[in-house]
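**Q** Pasting in a structure now, in structure tokens, and then I'll have a few things to ask.
Residue numbers (the numbering used here): 438 to 556.
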């Protein structure tokens, strides 16, 4: 059997074409990444860590009422001590946690907001 060799530029072009094709296939069929959810701070109560947010992204969140989402804020960076002020931009994710017996009545749920100020 004879050896068949391809010229180097043809080999490199074929490899590049395979890499680009694989990237495009992965980008089209791959999983969607979560959107970065941002909103505007309406109010923050330091004593009970209650944070209220308003914005377009808030309207689709579970627990939002009248375009406003209120919940308990858990800092994404505990070293940060700046409290959010009304009007500041806030990047966040939420989780709805079911209450236990004795917590704000039976069967209640609490929205926990994880995130921090932008900038």
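Cβ coordinates follow ideal geometry from the N, Cα and C atoms, glycine included. Computed from a prediction, not measured in an experiment: that's the story for all the values here.
Taking the beta carbon of residue 441 as the centre, do at least 16 other beta carbons fall within 10 Å, making it buried, or is it exposed?
**A** So residue 441 ends up on the exposed side.
**Q** Please report the distance separating the alpha-carbon of residue 504 from that of residue 487.
**A** Residue 504 and residue 487: Cα-Cα distance of roughly 17 Å.
**Q** Which residues in the same chain have their Cβ closer than 7 Å to the Cβ of residue 546, if we skip the five residues on either side of it in sequence?
**A** 533, 534, 535, 536
**Q** Kindly indicate which three-state DSSP category residue 449 falls into: helix, strand or coil?
**A** helix
**Q** Buried or exposed for residue 466, going by 16 or more other Cβ atoms inside 10 Å?
**A** exposed
**Q** Taking the straight line between their C-alpha atoms, what separation do you get for residue 451 and residue 459?
**A** If I take the Cα positions, the gap works out to 12 Å.
**Q** What are the partner residues of residue 476, as DSSP defines its beta bridges?
**A** 527
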